[in-house]
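Enquirer:
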Amino acid sequence: MKKIHMLWKNLIFRLVLACSLAIIPVNVLAAAVTGMISENYEESLTASYDSQLELYVRALESELSHLESKVGEFLSGENMAVLTIRQESDSSVDLIRLSNEIDEIRSSVQINGMSYLWNHEDDNVSVRMNAANQYGIADVEAVRSIVRNRERVSMGVSAWEITEADGRKFFIRHFDYPCFSFGLLLDAESMLEDLEESSREITETISFADMDGRNLVTVGDGQTGAPDGGEIRIERKIGDLGYSLVRSIRRSDMLSQLPVFVTVIRALAVLSFLALPLLWFVIRRQVVNPLTELWKGMYAVKNGDLEYRLEGTPGTSQMDYIYRTFNSMTAEIKNLTIESYEKELEKLQTESLNILLEVNPHMLLNFLNTIYSLASVSRLEEVKSFTLLLVSHFRYILRREKSFVTVREEMNFVTNFMEIQKMRFPDSFTSVYDVDEEAQNVEIPCLLIENFVENSIKYGLVLGKTIEILINIHVRGEHLDISICDTGNGMDEEKAAALQRGEAVTDERGKHIGIWNCLHRLRLYYGDDAEFRITSRTGEGTQVWISLPLTLPETGGSALDDYRKKRERNNSMEEKEKDR
776 MKKIHMLWKN
786 LIFRLVLACS
796 LAIIPVNVLA
806 AAVTGMISEN
816 YEESLTASYD
826 SQLELYVRAL
836 ESELSHLESK
846 VGEFLSGENM
856 AVLTIRQESD
866 SSVDLIRLSN
876 EIDEIRSSVQ
886 INGMSYLWNH
896 EDDNVSVRMN
906 AANQYGIADV
916 EAVRSIVRNR
926 ERVSMGVSAW
936 EITEADGRKF
946 FIRHFDYPCF
956 SFGLLLDAES
966 MLEDLEESSR
976 EITETISFAD
986 MDGRNLVTVG
996 DGQTGAPDGG
1006 EIRIERKIGD
1016 LGYSLVRSIR
1026 RSDMLSQLPV
1036 FVTVIRALAV
1046 LSFLALPLLW
1056 FVIRRQVVNP
1066 LTELWKGMYA
1076 VKNGDLEYRL
1086 EGTPGTSQMD
1096 YIYRTFNSMT
1106 AEIKNLTIES
1116 YEKELEKLQT
1126 ESLNILLEVN
1136 PHMLLNFLNT
1146 IYSLASVSRL
1156 EEVKSFTLLL
1166 VSHFRYILRR
1176 EKSFVTVREE
1186 MNFVTNFMEI
1196 QKMRFPDSFT
1206 SVYDVDEEAQ
1216 NVEIPCLLIE
1226 NFVENSIKYG
1236 LVLGKTIEIL
1246 INIHVRGEHL
1256 DISICDTGNG
1266 MDEEKAAALQ
1276 RGEAVTDERG
1286 KHIGIWNCLH
1296 RLRLYYGDDA
1306 EFRITSRTGE
1316 GTQVWISLPL
1326 TLPETGGSAL
1336 DDYRKKRERN
1346 NSMEEKEKDR
């Protein structure tokens, strides 16, 4: 359900839905109407062609029926006797007479063709035709060859069958008798061409087909067997012939005669469907894509990328104005953020200085007491060494021009501080350092390590016991890992958890803000790239782990100075853009 709600809230989905609802229903209705019109038109046109075919088949059946009656009259009386019984008269005279009568029978119908009479006695085949210029000598010889090669029966009448003479198809019917055989040939292609001439307004294929539906004789410009139901087949059986007359019309040819307005409506519907992707392309380019880029920019700025700028020009005045305004507002937000950061840093530096001013008098008093104690017992060399250590200590701690120092500088200071504390608390602790050589020149915030070492001595020393302080600094990939561990008093887990959260802890000794100050500086300098973890238990010591990026905003300078320089560069670039 949540995914459906999110999809409904999506701008792209709503735009697509709106375009679809505006175009698709109208086009579907138009397509349905034109489809119904086309279907009705096809049905009426098919019925018209079927009626025309029926009339032609009836006329053809009438001609064939007339032909049958003429043959019946011919076979009655004297002619049957001549065909079946050899006469004493001259057979050539009978041949001529019978040939003439048979040709008259064939000529009694309006169908082109030929007739033949075969005298079995001398194997003479007489062929007659209705038009001398329609059939040539080759056709006549082909008919004679067909007659002589067929299997003859002593007496019988064959059904109409299709034969081919010199490349032309004929319906042929044989009449076999003992003395003479005769037959009638009807030009099948001529019969089809007559029907074709009557329907020149459409491209079609006209065929004679057998009872299995196979086309045996075909004329016309169309092509049969159109795929995917693209052909309309109209068929009528010719009873006396034993074959069917078939009209095959491509549906596309038939629908090409649709009224113009139907074609226009259909074309508009198709064009509307095709225009839908084009409409979406325009909306996506002019509206959706610019809004998507604006959304990406707002998301980036929300996540702290104040350098993000919208590139290019969307092409419309409204979107161009939005792009320019967004870039201008982002630059202003960046400047305000830098100012806020500067103020926070200055506040932090003031707090750090106040801490030093609070701590130094107390430390100075302790140091003076130590010097007095050493001088009281005439340990002058130790007084000298202690005094030099204090000079180095205060020289480093009061240096305020740099917020970052190298690991080498910080560890020298820590070592100096350890020597001071060892003179104050002899045999109370030992220290072990392990620092990678490649980590020596990496810059870290000033007093970062010293703060935790000082806590280990200040709160971790155990009376009558020597504790151990371990410092490990290693480079791991793009990070610097620092750990400060001791085996001293430790603290309860609740206090350690509060320090882990970056809270200032208050107890009977007062408010402890040293660790809070360090974490606050790490957050300002490194953001989420700095990692800090502290664990401790009462009587089991304290362990601190810090991980920092190796790269600083500007090597060797303070973060405040870095941001000031960046702000100056950004202001300069903005002024150049305004001048252009």
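Quick note on this note's numbering: the sequence shown kicks off at 776 and runs consecutively.
Glycine included, each C-beta is placed from N, C-alpha and C at the ideal position.
Whole angstroms is fine: what's the gap from I947's alpha carbon to F1048's?
Expert: Translated into positions along the sequence shown, residue 947 becomes position 172. Translated into positions along the sequence shown, residue 1048 becomes position 273. Cα to Cα, the separation comes out at about 57 Å.
Enquirer: Beta carbon of T1105, beta carbon of V1076: below 8 Å?
Expert: The sequence position of residue 1105 within the sequence shown is 330, counting from 1. The sequence position of residue 1076 within the sequence shown is 301, counting from 1. In contact: T1105 and V1076 (Cβ atoms closer than 8 Å).
Enquirer: With distances taken Cα to Cα, identify the nearest neighbour of E848 among L830, S883, I1195.
Expert: Along the sequence shown, one-based indexing puts residue 848 at 73. Of the listed residues, the one whose Cα sits closest to E848 is S883.
Enquirer: May I have a chain-ordered list of the alpha helix (DSSP H) segments no shorter than 4 residues that lie completely inside the stretch 819 to 901?
Expert: The qualifying runs are 853 to 859, 866 to 882.
Enquirer: Looking only at its own chain, which residues have a Cβ that is under 6 Å from the Cβ of L1238, when we skip the five neighbours before and after it?
Expert: Here residue 1238 refers to the residue found at position 463 of the sequence shown. Correct list: empty, nothing qualifies.
Enquirer: Below 8 Å on the Cβ atoms is my contact criterion, and I expect N887 with S819 to pass it. Report the Cβ-Cβ distance as a whole number of Å.
Expert: The count along the sequence shown starts at 1 and reaches residue 887 at position 112. The count along the sequence shown starts at 1 and reaches residue 819 at position 44. Actually they do not touch by this definition, with Cβ atoms about 34 Å apart.
Enquirer: Does DSSP put L1081 in a helix, in a strand, or in coil?
Expert: Here residue 1081 is taken as the residue at index 306 of the sequence shown, counted from 1. Reduced to three states, the DSSP call for L1081 is coil.
Enquirer: The beta strand (DSSP E) spanning N990 covers which residue range?
Expert: Taking the sequence shown and counting its residues from 1, one reaches residue 990 at position 215. 990 to 995 is the span of the beta strand (DSSP E), which, as asked, contains N990.
Enquirer: Report, in whole angstroms, the separation of the C-beta atoms of F1161 and E1218, which I expect to be a contact under 8 Å.
Expert: Position 386 of the sequence shown, counted from the start, is the residue given in the question as residue 1161. Position 443 of the sequence shown, counted from the start, is the residue given in the question as residue 1218. No, F1161 and E1218 are not in contact; Cβ-Cβ is about 30 Å, not under 8 Å.
Enquirer: With respect to the alpha helix (DSSP H) encompassing E939, which residues constitute its N-terminal and C-terminal limits?
Expert: For this step, residue 939 is matched to residue 164 along the sequence shown. Segment 936 to 940 is the beta strand (DSSP E) holding E939; no alpha helix (DSSP H) there.
Enquirer: Assuming contact is defined by CB atoms lying nearer than 8 Å, are D1267 and T1317 in contact in what I supplied?
Expert: Counted from its first residue, the sequence shown places residue 1267 at position 492. Counted from its first residue, the sequence shown places residue 1317 at position 542. Against a cut-off of 8 Å, the Cβ pair of T1317 and D1267 comes out as no contact.
Enquirer: Assuming D951 is part of the beta strand (DSSP E), what are its boundary residues?
Expert: The count along the sequence shown starts at 1 and reaches residue 951 at position 176. It spans 943 to 951 - the beta strand (DSSP E) in which D951 sits, taken as one unbroken run.
Enquirer: Report the three-state DSSP secondary structure of Q1318 (helix, strand or coil).
Expert: As a position in the sequence shown, residue 1318 is number 543, starting the count at 1. DSSP places Q1318 in strand when its eight states are reduced to three.
Enquirer: Grab the span of the beta strand (DSSP E) containing T1281 for me, first residue to last.
Expert: One-based indexing of the sequence shown puts residue 1281 at position 506. Element bounds for T1281: 1280 to 1282.
Enquirer: So the candidates are S1103, R1060, D898; which of them puts its Cα closest to the Cα of M1073?
Expert: Taking the first residue of the sequence shown as 1, we reach residue 1073 at position 298. That would be S1103, whose Cα lies nearest to the Cα of M1073.
Enquirer: Pick from D1211, E879, I1097, I1246: whose alpha carbon is nearest that of T1088?
Expert: Taking the first residue of the sequence shown as 1, we reach residue 1088 at position 313. Considering only alpha carbons, the answer is I1097.
Enquirer: Is W1320 near the ligand GTP, going by C-beta to nearest heavy atom under 7 Å?
Expert: Absence of the ligand GTP from the depicted structure is noted, as is the absence of any ligand whatsoever, leaving it without description.
Enquirer: How should S795 be labelled, buried or exposed, when 16 other C-beta atoms within 10 angstroms of its C-beta is the threshold for buried?
Expert: As a first step, residue 795 must be located in the sequence shown, where it is residue number 20. When all chains shown are included, S795 counts as exposed.
Enquirer: On the three-state DSSP scale, how would you describe I1290?
Expert: As a position in the sequence shown, residue 1290 is number 515, starting the count at 1. DSSP places I1290 in helix when its eight states are reduced to three.
Enquirer: In whole angstroms, what separates the C-alpha of Y1301 from that of I1309?
Expert: Your numbering for residue 1301 matches position 526 in the sequence shown. Your numbering for residue 1309 matches position 534 in the sequence shown. If I take the Cα positions, the gap works out to 18 Å.
Enquirer: Within its chain, find whatever has a CB closer than 6 Å to the CB of N1247; leave out the 5 residues flanking it on each side and keep chain order.
Expert: Walking along the sequence shown from the start, residue 1247 turns up at place 472. Taken in chain order, the residues that qualify are D1209, S1258.
Enquirer: Please state whether the Cβ-Cβ distance between L839 and D1015 is less than 8 Å.
Expert: Looking up residue 839 in the sequence shown gives position 64. Looking up residue 1015 in the sequence shown gives position 240. Yes.
Enquirer: To the nearest angstrom, how far is it from the Cα of T1383 to the Cα of D951?
Expert: Nothing can be reported for residue 1383, as the shown portion of the chain is limited to 776 through 1355.
Enquirer: Leaving out five residues on either side along the sequence, give the residues of the same chain with a beta carbon under 6 Å from the beta carbon of N1361.
Expert: There is no way to answer for residue 1361, as the model of the chain reaches only from 776 to 1355.
Enquirer: Report the partner residues of G1239 according to the DSSP bridge assignment.
Expert: In the sequence shown, counting from the first residue as 1, residue 1239 sits at position 464. Beta-bridge pairing links G1239 to no other residue.
Enquirer: Excluding the 5 residues flanking L842 on each side, which residues of the same chain have their C-beta closer than 8 Å to its C-beta?
Expert: Translated into the one-based positions of the sequence shown, residue 842 becomes position 67. Closer than 8 Å at Cβ, skipping near neighbours: I880, R881, S883, V884, L959.
Enquirer: In the DSSP assignment, find the unbroken beta strand (DSSP E) run with A984 in it and report its ends.
Expert: Position 209 of the sequence shown, counted from the first residue, corresponds to residue 984. Looking at the DSSP string, the run of the beta strand (DSSP E) that includes A984 is 979 to 984.
Enquirer: When DSSP labels each residue in this structure, what does Y1234 get in the three-state scheme?
Expert: In the sequence shown, residue 1234 corresponds to position 459, counting from 1. Here Y1234 sits in helix by DSSP.
Enquirer: Please state whether DSSP places M1266 in a helix, a strand or coil.
Expert: The residue labelled residue 1266 in the question sits at position 491 within the sequence shown. In the structure shown, M1266 sits in coil (DSSP, three-state: anything other than H, G, I, E or B).
Enquirer: DSSP three-state call for T1091: helix, strand or coil?
Expert: The count along the sequence shown starts at 1 and reaches residue 1091 at position 316. Three-state DSSP puts T1091 in coil, outside helix and strand.
Enquirer: According to DSSP, is V1201 helix, strand or coil?
Expert: As a working note, residue 1201 is residue 426 in the sequence shown. Contrary to the premise, residue 1201 reads as Pro rather than Val in this sequence. Three-state result, P1201: coil.
Enquirer: May I have the straight-line CA-CA distance separating R789 from S813, to the nearest angstrom?
Expert: Your numbering for residue 789 matches position 14 in the sequence shown. Your numbering for residue 813 matches position 38 in the sequence shown. Each residue's alpha carbon lies about 35 Å from the other.
Enquirer: Figure out for me which residue from R1183, W1291, T980 has the closest Cα to the Cα of Y824.
Expert: For this step, residue 824 is matched to residue 49 along the sequence shown. It is T980.
Enquirer: Taking only runs of the beta strand (DSSP E) that begin and end inside the stretch 1167 to 1192, which ones reach a length of at least 3 residues, in chain order?
Expert: With a minimum length of 3 residues, the continuous beta strand (DSSP E) runs that stay inside the stretch 1167 to 1192 are 1179 to 1181.
Enquirer: When DSSP builds the beta bridges, which residues end up paired with H1254?
Expert: Residue mapping note: residue 1254 aligns to position 479 of the sequence shown, counting from 1. DSSP output for H1254 lists R1251, P1324 as bridge partner(s).
Enquirer: Whole-angstrom Cβ separation of V992 and L967, contact assumed at under 8 Å?
Expert: Here residue 992 is taken as the residue at index 217 of the sequence shown, counted from 1. Here residue 967 is taken as the residue at index 192 of the sequence shown, counted from 1. The pair is a contact, with the Cβ atoms about 7 Å apart (cut-off 8 Å).
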